[in-house]
Structures are given as structure tokens and as C-alpha cells.
Amino acid sequence: MTMPEEPLYEEDLVASMPIRVRHWEQLEAYAENLRKLAAEREVYPAEFSDLAAYERSMEPLRALLRERIGYPPPGCFERGGNPRLEPVAEDATATYYRCWIPVSPELETYGLYLVPKGVELPAPLVISQHGGGGTPEAATFRGGSNYHDMVRGAIAEGYVVFSPLQIFNHFSDQDQPSPVPADIRSKLDARLRLFGTSLGALAVAKISRALDTLLERPEVQPERVAMVGLSYGGYFTLYTMALEPRIKCGVSACYFNDHEPAMAADKPHAWADWRPLGRFSDLDDPEIVALICPRPMQAQVGRQDELFPVAGAQKASVRAAEYYRRLGIEERFEFVDFEGGHEWYGESAWPFLRKWL
5 MTMPEEPLYE EDLVASMPIR VRHWEQLEAY AENLRKLAAE REVYPAEFSD LAAYERSMEP
65 LRALLRERIG YPPPGCFERG GNPRLEPVAE DATATYYRCW IPVSPELETY GLYLVPKGVE
125 LPAPLVISQH GGGGTPEAAT FRGGSNYHDM VRGAIAEGYV VFSPLQIFNH FSDQDQPSPV
185 PADIRSKLDA RLRLFGTSLG ALAVAKISRA LDTLLERPEV QPERVAMVGL SYGGYFTLYT
245 MALEPRIKCG VSACYFNDHE PAMAADKPHA WADWRPLGRF SDLDDPEIVA LICPRPMQAQ
305 VGRQDELFPV AGAQKASVRA AEYYRRLGIE ERFEFVDFEG GHEWYGESAW PFLRKWL
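Each number in our numbering comes from the position in the sequence shown (counting from 1) with 4 added on.
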């Protein structure tokens, strides 16, 4: 096509900037309206007439969670393979092993496996899950940092412990020439989503496949399993329990919250793998707890926690507790705000497990 010789209309591209700004404002207003609608929603419309009816009525929500996070991940074994146990040491309290369990042809679950001494075996199993930047070793040795007694406290209670590794840019490796990228979770989660799954789904699958194997161990009582976790470990605890019915009770420390403010502000700890499609519409933390219900669950938060504010945890706990209240089992859900920061609080966790495990 030949352009005419007379001058064509042109304009300064900046002149249309107000239109683009208005477009952005409209999109922000649309997102804000969705937030308000989500904040006003009531509890999930479950059947509260009895426990069996409740659990049946929650299956569509559980199926939705599986779909949203891509669970089970493709290519994983239907059950865990034979474990590889490497004895590490023993002391007056426990025998320590490093444990690897096949999850897929390429992938193993690794964790510390501790068998208590001085107790009658078989004993209950506690999965003790570290959080962001942590490791099983960091949560166990040299006082456990802010995990305190989250691993060795379980041994003191007479439980067998499996403390699994999750992928992070681990704090203990940051002064070393570690090849693990600082943003490994965001990168790996984005890559896995392209194949229909997510890093969160893979974490759940790794723990489930470990249970396949560990619950056959002679020192473990297979019907008595709990899971505890701090921070990111609290996230893993909620999602694993929602999809793994063999875990009978749990404690999520310093994660359970109203996460929308943190994610809206794009804080560094609002990780990409915490953002499944539709989270704030129908799969926020209270709904994940609803999938755990009627099993006993404790959510705890430090009043001085700067990552997960106590006010947000209190707000989320009201809706989570409602599922238990309507079933007449309100004693099975505990919300604990303690005097402390971003740390494990064994003073409330261990009595809770003694009662319910």
C-alpha cells in the first residue's frame, strides 16, 4: 500500500499517558473489589450434621486444592521406595540416622530420622518440618536456633522423628560457595508450574511417599502420626495435612495468618509458591484448616513476630475455628498467641500432642 504524500496525523506518545494511568487505576479498582468480596465471604458451605457428612462435603474443596497446586506431581511413584538409612551417631536420648527415600526415578526425600531411647517401641511418629533457609540439622543441633526443641523436644516426648529437607538457599550455606541460587524456590516453582505442578505439591508428595515407607518401620506406630513445623514449615504442615489423612494432628507455628496484606505489599516472605490460583477466593488458610478438620490442629504465633503479625493470625483463626465449632468439637482447634517472636513454642505444642496423638 502506498502512503499518501500529504502529512499524516501524529501525536506525542506521552499525550496518551493519562489513558494508560486510568487503565491501571481501573485494574487496581477491579482487584480491590475482588479482595473486598473475598473478605466478606462466610465459611465454606459444608455439611455440619455429623463428621462423616462433613468430610464427604469437603471433598470438592480438597479436589480443588489438588487441582490448583497440581497434586499429585507427574512422574512420582505411587508409593515410596525402600529407604536408605545411614547411621550417624547415638547419644543418651536417641539414635540418629540420615534417611533417603525414593520419590521418583530422579528424586529422593532426605531427612534426619531419630529413634528415641528409653521408651517402649513402637512409638508415634512426628514429622518435624524446618522453615525457610533452614535444614533438618539446623532445627536439631546446637540448640535448634528459633526452632528450639521442635525436633529434640519430640524425642523427649518419646516420639520417633522424621525431619525432612526442603529446598531453600539455606542459611548455613550462605557463607560457602553453594551453587544453590538465592531465588531457587521462585525459579523452580515457576518451572514446575509450566508442567502442571508446583513446588508445594512436590513437598507434599515427598512427605507422603516418606510416610509410605516409615509407617512400615517396626519402631513406628502407623496409626499415630503428627506433623509440626515453623514458618515455611507451618505452611508445609497445613498443606500436607489437608492432603494426607494419615497425619492425625498437627501444629503450625508462625505461618497461619491472613496473608493478603503481606502478599499485596509483595514482602520478601510472600513467596510465589504460596500463591495458588484463587487462594484468597476459596483456599486461604482457614479453608486449608477446614480440610484438616475434624483432626486436631493448633496454630501458634508470637506476639512480636514481624513476619506473620499476630493480628492477622487472630483474624484467620476466627474463621478456622468456626468449622470445629459448628461440628461441636471446638476443643480440637487451638489458637495460641505467645510472648515471643518468630519461633517455635513447645510449651503449648507438646501438651497438645500429648492430648491428641
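No residue lacks a Cβ here, since even glycine has one placed at the ideal position from N, Cα and C.
In this structure, what does DSSP give as the bridge partners for E338? Q302, per the DSSP bridge assignment.
In angstroms, rounded to a whole number, what distance separates the CA positions of R39 and D262? If you draw a straight line from the Cα of R39 to the Cα of D262, it comes to about 12 Å.
Beta-carbon gap between W360 and C253 smaller than 8 Å: In this structure, the beta-carbon distance from W360 to C253 falls below 8 Å.
Quick check on A35: buried or exposed, where buried means 16 or more other Cβ atoms within 10 Å of its Cβ? Exposed, by the Cβ-count rule.
Quick check on P49: buried or exposed, where buried means 16 or more other Cβ atoms within 10 Å of its Cβ? So P49 ends up on the exposed side.
Which residue comes first and which comes last in the beta strand (DSSP E) that contains R228? Going by DSSP, R228 is part of the beta strand (DSSP E) stretching over 224 to 234.
Restricting to Cα atoms, I'd like to know which of D277, N173, K210 is closest to L196. Checking every option, the nearest Cα to that of L196 belongs to D277.
Residue environment, S53, which counts as buried when at least 16 other CB atoms sit within 10 Å: Classification of S53: exposed, given that the 10 Å Cβ count is below 16.
Put R307 into one of helix, strand or coil per three-state DSSP. Three-state DSSP puts R307 in coil, outside helix and strand.
Buried or exposed: which applies to I251, given that a residue is buried once 16 or more other Cβ atoms fall within 10 Å of its Cβ? Buried, since its Cβ has 16 or more Cβ neighbours within 10 Å.
Considering G115, what are the terminal residues of the beta strand (DSSP E) in which it resides? Per DSSP, the unbroken beta strand (DSSP E) holding G115 starts and ends at 112 to 120.
Residue from P183, A303, I333 whose Cα sits closest to the Cα of K319: Per the C-alpha coordinates, the member of P183, A303, I333 positioned closest to K319 is A303.
Residue ranges of each alpha helix (DSSP H) run of no fewer than 4 residues wholly in the segment 38 to 120, ordered along the chain? Listed in chain order, the complete alpha helix (DSSP H) runs (minimum 4 residues) inside the segment 38 to 120 are 55 to 61, 63 to 73.
May I ask you to list the residues that DSSP assigns as paired with G254? In DSSP, G254 forms a bridge with M231, M301.
On the DSSP bridge assignment, give the partners of V164 in chain order. Per DSSP, L129.
Check for me: the alpha helix (DSSP H) holding E291 runs from which residue to which? Where E291 is concerned, the enclosing alpha helix (DSSP H) stretches over 289 to 296.
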